[in-house]
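Undergrad: Numbering (this note's numbering), first residue to last: 1 to 382.
Glycine residues also receive a C-beta, built at the ideal position from the N, C-alpha and C atoms.
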Ligand code: LLP
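1) Can residue 121 and residue 132 be called in contact, C-beta distance under 9 Å?
2) With a threshold of 9 Å between beta carbons, is residue 361 in contact with chain C?
3) Taking any heavy atom of ligand 1 as the mark, which residues have a C-beta closer than 5 Å to it, listed down the chain?
4) Please identify the residue among 32, 304 and 354 whose C-alpha is closest to the C-alpha of residue 275.
5) Between residue 226 and ligand 2, is there a pair consisting of the residue's CB and a ligand heavy atom that are separated by less than 8 Å?
6) Can you look up residue 315 in the DSSP assignment and give me helix, strand or coil?
7) Only counting runs of 3 or more residues, tell me where the beta strand (DSSP E) segments fall wholly within the segment 337-371, in order along the chain.
8) Sort 52, 61, 47 and 229 by Cα distance to residue 89 and report the nearest one.
9) Which of the three DSSP states is assigned to residue 270 in this structure?
10) Could you tell me the alpha carbon to alpha carbon distance between residue 183 and residue 317, rounded to whole angstroms?
11) Whose C-beta lies closer than 6 Å to the C-beta of residue 200 among residues of the same chain, with five residues either side of it excluded?
12) Taking the alpha-carbon of residue 95 as reference, which of 119, 78, 83 and 77 has the nearest alpha-carbon?
13) Find the nearest neighbour of residue 381 within the set 10, 345 and 349, judged by alpha-carbon distance.
14) Does the pairing of the segment 317-335 with the segment 216-234 give three or more beta-carbon distances under 8 Å?
15) What residues match up with residue 204 in a beta bridge as DSSP calls it?
16) So, for residue 154: in the same chain, excluding its five sequence neighbours on each side, which residues have a beta-carbon less than 7 Å away from its beta-carbon?
In structure tokens:
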């Protein structure tokens with residue numbers, strides 16, 4: 001919730017800016033810690049969701065590891081207090097330089113997506129006279145029932161190794177001298193709100209575990225990725241961590257000594273952030289009223305790219321409600337935050353909050369139209 005005393009302080013600040021409520025972040029991290037510890041699960045926060053240094057420092061202080069997808073993310077995570085021994089490195093296109101830097105930094109594990117990549121990691125590790133610990137990202141072929149751009153485990157996905165190829169992958173690994181296979185990794189998609197998707201994932205994991213046993217391979221880790229959705233209609237609602245972890249604890253047949261890893265991103269940081277913007281103009285359209293605001297798709301691309309819904313609140317009006325299209329200043333029709341939504345009477349100068357913007361907001365900012373990056377304000381600075 002954004003309280004009135006805070007709104008008064010917003011009036012003096014240049015807009016647009018990301019506002020991070022650190023109390024929300026702390027309570028989310030505490031909840032994740034409590035629920036995951038109940039089951040003995042390990043958390044690696046997905047840095048791509050929000051890589052703001054202060055946010056990362058807080059998340060690191062809970063003892064979570066980090067899931068990174070570039071060496072720059074690894075470096076940022078280390079600077080913010082994540083030990084390399086709990087950093088994993090994922091992604092279909094790691095460059096040679098990134099692999100070399102990650103090996104030198106002694107990160108915990110590379111989540112690998114192809115034989116070609118494993119061979120390159122092996123040769124770089126050999127040159128550095130070290131060994132690389134890897135996990136195999138497997139495509140479990142599960143429909144995530146989310147937006148198609150963030151669905152990652154169907155037949156046409158570029159992600160993961162096909163189950164048909166697994167035998168060849170194991171044969172190849174056994175001939176490589178500098179690779180140690182530690183476990184398997186999955187990530188079926190993001191903003192998943194149907195628990196049935198995770199149920200299907202658990203049964204695939206159990207089947208695959210049987211198969212690895214039949215090949216005499218002991219898996220030390222099973223990494224189930226991220227994906228737990230948040231409720232964009234209820235920005236003050238805690239994600240369903242208890243239901244999620246309980247389901248996995250009950251359904252995955254965990255072997256003795258085996259560790260279960262998770263890589264939540266959105267569910268940790270989504271609800272702590274709001275994009276705060278000012279109304280520049282009100283303009284009558286043929287069928288609607290436009291509230292033209294000073295934030296655009298360059299500041300928060302999710303509505304334009306995924307038709308994502310973010311709840312919008314007018315923090316400075318309690319007038320009679322009407323219908324508005326909330327749009328930005330960018331020269332694209334997709335620069336629309338919401339269409340035909342109900343807001344109290346909205347005027348030039350009003351301050352709007354675009355809620356649940358803590359995940360994939362600030363990290364996806366662009367400079368299109370030569371726009372400046374939005375500001376950042378933390379609740380403890382006000
Ligand atoms: N692990 C892997 C391998 C991933 O690819 C991702 C997200 C995560 C973990 C974290 O997933 P989460 O818990 O945040 O769902 N920009 C999009 C989301 C892209 C997600 C990419 N991968 C959006 O704004 O909805």
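TA: In short:
1) What you label residue 121 is simply residue 121 of the chain shown in a count that begins at 1. What you label residue 132 is simply residue 132 of the chain shown in a count that begins at 1. For residue 121 and residue 132, yes; Cβs fall inside 9 Å.
2) No chain C is present in this structure, which holds just one protein chain.
3) Residues with a Cβ closer than 5 Å to any heavy atom of ligand 1, in chain order: 46, 49, 90, 150, 187, 190, 225, 226, 227, 263, 264, 265, 266, 302 and 360.
4) Residue 275 sits at position 275 when you count from the first residue of the chain shown. The alpha carbon of residue 275 has as its nearest neighbour, out of 32, 304 and 354, the alpha carbon of 354.
5) Ligand 2 is not part of the structure shown, which contains ligand 1 as its ligands.
6) Walking along the chain shown from the start, residue 315 turns up at place 315. Note: residue 315 maps to coil in three-state DSSP.
7) The qualifying runs are 351-354.
8) What you label residue 89 is simply residue 89 of the chain shown in a count that begins at 1. When each option's Cα is compared against that of residue 89, the closest is 47.
9) As a working mapping, residue 270 is identified with position 270 in the chain shown. Helix, per DSSP.
10) Start at 1 with the first residue of the chain shown, and residue 183 comes out as number 183. Start at 1 with the first residue of the chain shown, and residue 317 comes out as number 317. If you draw a straight line from the Cα of residue 183 to the Cα of residue 317, it is about 54 Å long.
11) Residue numbering aside, residue 200 sits at position 200 when the chain shown is read from its first letter. Once the five neighbours on either side are set aside, the close Cβ partners of residue 200 are 142.
12) On the chain shown, position 95 is the one that residue 95 refers to. The candidate whose alpha carbon is nearest that of residue 95 is 119.
13) Translated into the one-based positions of the chain shown, residue 381 becomes position 381. Of 10, 345 and 349, the smallest CA-CA separation from residue 381 is found for 10.
14) Contact between the segment 317-335 and the segment 216-234 is absent, because fewer than three Cβ pairs lie under 8 Å.
15) Residue 204 sits at position 204 when you count from the first residue of the chain shown. Paired residue(s): none; residue 204 is not in a bridge.
16) In the chain shown, counting from the first residue as 1, residue 154 sits at position 154. Taken in chain order, the residues that qualify are 141 and 143.
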